[in-house]
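>
Protein chains in written order, with our numbering: chain A, 201 to 625; chain B, 53 to 619.
(1) Can you list, in chain order, the residues of its chain whose CB lies under 8 Å from that of residue 607 of chain B, leaving out five sequence neighbours each side?
(2) Whole angstroms are fine: how far does the CA of residue 453 of chain A sit from the CA of residue 310 of chain B?
(3) Identify each residue in the stretch 560 to 578 of chain A for which the Cβ-Cβ distance to at least one residue of chain B is less than 7 Å, and report them in chain order.
(4) Strictly under 8 Å for the Cβ-Cβ distance: is residue 339 of chain A near chain B by that measure?
(5) Which bits of chain A does residue 614 of chain B rub up against, with CB to CB less than 7 Å?
(6) Answer yes or no: does any C-beta atom of chain A fall closer than 8 Å to that of residue 563 of chain B?
(7) Taking 8 Å as the CB-CB cut-off, is residue 583 of chain B touching chain A?
(8) Can you list the residues of chain A that residue 202 of chain B reaches, using a CB-CB cut of under 7 Å?
(9) How far does the alpha helix (DSSP H) with residue 434 of chain B in it reach, from first residue to last?
(10) Which residues of the stretch 256 to 283 of chain B have a Cβ closer than 8 Å to any Cβ of chain A? Give them in chain order.
(11) Would you call residue 574 of chain A buried or exposed, if buried means 16 or more other Cβ atoms sit within 10 Å of its Cβ?
(12) Any Cβ of chain A within less than 8 Å of the Cβ of residue 530 of chain B?
(13) Which residues, in chain order, does the stretch 279 to 292 of chain A contribute to contact with chain B at a C-beta distance below 8 Å?
(14) Using a Cβ-Cβ cut-off of 6 Å (strictly less than) and excluding sequence neighbours within five positions of residue 434 of chain A, which residues of its own chain qualify?
(15) According to DSSP, is residue 509 of chain A helix, strand or coil?
(16) On the criterion of 16 or more Cβ atoms from any shown chain inside 10 Å, does residue 342 of chain A qualify as buried, or is it exposed?
(17) Given residue 299 of chain A, which residues of its chain have a CB within under 8 Å of its CB, disregarding the five upstream and five downstream residues?
(18) Does the distance from the C-beta atom of residue 606 of chain A to that of residue 586 of chain A stay below 8 Å?
(19) Would you kindly work out how many angstroms separate the C-alpha atoms of residue 258 of chain A and residue 295 of chain A, rounded to a whole number?
(20) Using CA atoms only, rank isn't needed, just tell me which of B:502, B:467 and B:495 is closest to residue 486 of chain B.
(21) So, helix, strand or coil for residue 528 of chain A, using DSSP?
(22) If you measure beta-carbon to beta-carbon, which residues of the stretch 322 to 334 of chain A are closer than 7 Å to chain D?
(23) Can you give me the Cβ contacts of residue 27 of chain B inside the same chain, cut-off strictly under 8 Å, excluding the 5 residues immediately before and after it?
(24) Using 8 Å as the threshold, is the C-beta distance between residue 285 of chain A and residue 249 of chain A below it?
(25) Can you find the residues in the same chain that come closer than 7 Å, C-beta to C-beta, to residue 159 of chain B, ignoring five residues on each side of it along the sequence?
(26) With DSSP as the reference, label residue 311 of chain A as helix, strand or coil.
(27) Please report whether the beta-carbon of residue 195 of chain B lies at a distance below 8 Å from any beta-carbon of chain A.
(28) So does residue 304 of chain B have its beta carbon nearer than 7 Å to some heavy atom of the ligand PLP?
(29) For residue 452 of chain B, collect the residues of the same chain with a Cβ closer than 7 Å to its Cβ; drop the 5 residues on either side in sequence, then sort them by chain order.
(30) Nearest-angstrom Cα distance between residue 165 of chain B and residue 154 of chain B?
(31) Give me the subset of the stretch 502 to 515 of chain A whose CB atoms are less than 7 Å from a CB atom of chain B, sorted by chain position.
(32) I need the straight-line Cα distance from residue 211 of chain B to residue 203 of chain B, nearest angstrom please.
(33) Who are residue 577 of chain A's beta bridge partners in DSSP?
(34) Please report the distance separating the alpha-carbon of residue 444 of chain A from that of residue 456 of chain A.
(35) Short of 8 Å Cβ to Cβ, which residues in the stretch 571 to 595 of chain B face chain A?
(36) Express the C-alpha separation of residue 418 of chain B and residue 431 of chain B in angstroms, rounding to a whole number.
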């Protein structure tokens, strides 16, 4: 007589017999991210879309430039073929050997669980080619939504896991472009639409609106959001948060001069990254503060471009920082932006410096936690257009499929997909 | 009677002059010796000679520059510093010594002392641009753009003008990506030093597309700066705008400088193979300075630019003033080529006959081959063949190969057609066909190639379709040729019909990847982006090893909007 216990055992044996061979036979695809990779940027899109489709993926930190592991399924192979992404089939035994190698070195395997919902803060009708992150996402095939002041003030940020800001001026001073472009039609239109947006949303002027928007972003990070900012958005968001109740905008922007005692009144405990910076009060100097080391638009202060070096972190103990610097190059040519770099002397204690120019007083790439969320700042406008000027043609990323600078941006996009692992200490 | 004192004074002056002459001779002797030793690579000895010259005359610039060179060779630049100090004390207003000093300090990596030397120089010569110029140059070479910028700004403030610093200003602005400011500075620099043209072109050639209008505006600023216009013309050629390049130069005042500029422009345009513009420029020059050589060059440009009628007119101009013997040698080949391209075979034959007495037998045979082409172009293959007869020279063989092909004799063509010198798309297609098919004859194929040779693209496309039906083993190749011709005639509908047939019915053919790509491009032109995407995906996945896959991926990115369309 077959007892229930015996039946259960038989069933279990059957399951093992069926499933184990299947598991053993399973194949994987390694997406190498070292110099073997033909298209690094689209490799991120391949991985993102695999996760979005419900497939399990892993990020092999520091293994061959930060490779990805994907299941070997027809759709992944098809997409890799279409995009020209190099993939290497792996047997389970080879995968086991790789895992052993990862376990023994400064490497780690991080599961990628859920494709983050991505939002880009950009004015309505802005061309997609005006922003390095948008360029990267479109090229890689990663979907995103756009939000602007109205959506932010309405509270829509909570719908997204990841928010990107580019060269918006959160002090509401239009990047002080009135100095050089006050007669340019595009500038006049930008000012008019900002004034009308402020009016529509119940704010007296653009600086007041932008401060409110900056405050929403601070709350977004505090509540667990991931914020990634580049170019002028980094510096001006900090100024807007620290100067929430101080007049930091010039007469040309809000009709009143900057508070002469603004430096002393700034509350840096409200900001993410910087402290004790000096606000540039002159309306005739095209700089916001002394946070930026390069001061690209200030003749006489402008610093030349060099190269910046990515730091190396412990993959097992500092996985977040390690994720953000995954690359096949460690030294990368610098590139200008309205804000190009961040002076070391104004960094808050506890901010992680991810990249710096050796021997220079500035840093390039920063990360930190705030509340339940985190933020990352990357100075500069476009990694493949180092001297970017207004009116320059957009960067064609099909000519830069292996761009190490753009990889830094895409590391940030995938970062929220990583499953948090308990630290081993 | 003159006093003794007066006599001795009278003697002293000639003695002083004699002493100065002797010192000068000794100094020159030491310098000359230094130069000769330097030329013989005897740097230690040359250094001693230059030092001797400087001991005798601390203000000798030539000796100081020589010493700078040989100390650099010996790796002793620091030894120059004490010598420089003495010379500067002796001749504090000599800019060459100051320039050598800051160069030497810089080569030693003594940055602070470079700056101090520069400051001393500005103090000693307060109204002079030279210190700012030399220091800014060094800073630019070292990539210290910000410091160079502040030095030049200071110069403008202190001197009250930027004169004498335009070159450095222009180079700095270009290095900083401030293209319009750079162009404005180059304009000023070129007014004073037209020989900087090449430097200006090199500096501005990297101007991004969007900034070029500003550069154009600044280089065309009011005033007749011919050098600036020549720079802009060269830039336009580099930027792929030959027509605009000519417009920049066209309206200059008619003088020798302008004619030189036109001549140089025509040469550059020839290098760029911008034939229609070459012709226009040469014709303008011809009106001002008529010559047979210019007319002939313009005629060749017209022929290269597919305008044989204009070439013929220019040939007539070139012929004026030449006797028959000269014309036979210099003008005849171009005239015959123009007539052949126009299909005026009778006239070509008459011209050849008229000049026959002035031609060597070899030249006559060569020109006869051109006339045979004229008959082909006129559609009379039999007459072409009769003209060549049994001629077995290489020119005749080439024409005979084509004649065999035109008459459908594929075996004859296969035996004769070869790549001789310049290849043409027609030759490549013919050789590919002859390699693909095993057939020895095909009248339809011959007709198709003959129609193409006669310049009738539309009929040729149809003829190649008919040939494809007749020649089974080269069918896909001939269909692809027909499709390309339809596309060249801007008949997308007929081209797409053929590309789609090739892509779907003949998916294994070598032409299938090209057919998919061209079909997708046509779909994108018609605004059918999703259909284009599907076609491109099919191409990439079905033919992953095709050489066309990179192009297909780029088209795919464009169709998906993944990269900017303007690029």
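Glycine included, each C-beta is placed from N, C-alpha and C at the ideal position. The structure presented is a predicted model; accordingly, all values stated were derived computationally and were not measured.
The relevant details are as follows:
(1) These residues qualify, in order along the chain: 569, 572, 573, 576, 584 and 588.
(2) In a straight line, the C-alpha of residue 310 of chain B is about 52 Å away from that of residue 453 of chain A.
(3) Hits within the stretch: zero.
(4) For residue 339 of chain A, at least one C-beta of chain B is nearer than 8 Å to its own C-beta.
(5) Residues of chain A with a Cβ closer than 7 Å to the Cβ of residue 614 of chain B are, in chain order, 338, 339 and 341.
(6) Using a Cβ-Cβ cut-off of 8 Å, residue 563 of chain B does not count as an interface residue toward chain A, since no Cβ of chain A sits closer than that to its own.
(7) Output row for residue 583 of chain B: interface = no.
(8) Residues of chain A passing the Cβ test: 500.
(9) For residue 434 of chain B, the enclosing alpha helix (DSSP H) covers residues 433 to 440.
(10) Contacts with chain A (Cβ-Cβ distance below 8 Å) from the stretch 256 to 283 of chain B involve 260, 261, 262 and 263, listed in chain order.
(11) Of the other Cβ atoms in all chains shown, 16 or more fall within 10 Å of the Cβ of residue 574 of chain A; this residue is therefore buried.
(12) No, because no Cβ of chain A sits closer than 8 Å to the Cβ of residue 530 of chain B.
(13) So the list reads 281, 282, 283 and 284, given in the order they occur along the chain.
(14) Result list for residue 434 of chain A: 539 and 577, in chain order.
(15) DSSP places residue 509 of chain A within a strand segment (E or B) once states are collapsed to three.
(16) Residue 342 of chain A is buried by the Cβ-count criterion.
(17) Within the same chain, residue 299 of chain A has close Cβ partners 309.
(18) Not a contact, by the Cβ cut-off of 8 Å.
(19) Between residue 258 of chain A and residue 295 of chain A, the C-alpha separation is close to 12 Å.
(20) Of B:502, B:467 and B:495, the residue nearest in Cα terms is B:467.
(21) Correct three-state label for residue 528 of chain A: coil.
(22) Among the chains of the structure shown, chain D does not appear; the protein chains present are A and B.
(23) Given that chain B is displayed from residue 53 to residue 619, the structure contains no residue 27 of chain B and the question cannot be resolved.
(24) At a Cβ-Cβ threshold of 8 Å, residue 285 of chain A and residue 249 of chain A do not count as neighbours.
(25) Non-local beta-carbon contacts of residue 159 of chain B in its own chain, meaning distances under 7 Å to residues more than five positions away in sequence, involve 129 in chain order.
(26) Strand at residue 311 of chain A.
(27) Taking Cβ atoms only, chain A reaches closer than 8 Å to residue 195 of chain B, which makes this a yes.
(28) In terms of ligand content, the structure shown is empty, and the ligand PLP therefore cannot be addressed.
(29) Closer than 7 Å at the Cβ level, and outside the excluded window around residue 452 of chain B, lie 440 and 468.
(30) Distance between the alpha carbons of residue 165 of chain B and residue 154 of chain B: 8 Å.
(31) The stretch 502 to 515 of chain A vs chain B, Cβ under 7 Å: 502, 503 and 504.
(32) Spanning the two alpha carbons is a distance of roughly 12 Å.
(33) Bridge partners of residue 577 of chain A: A:429 and A:566.
(34) Roughly 16 Å separates the two Cα atoms.
(35) In summary, the residues of the stretch 571 to 595 of chain B whose CB is separated from some CB of chain A by less than 8 Å are 589, 592 and 593, in the order they occur in the chain.
(36) Straight across, the Cα-Cα distance linking residue 431 of chain B with residue 418 of chain B is about 21 Å.
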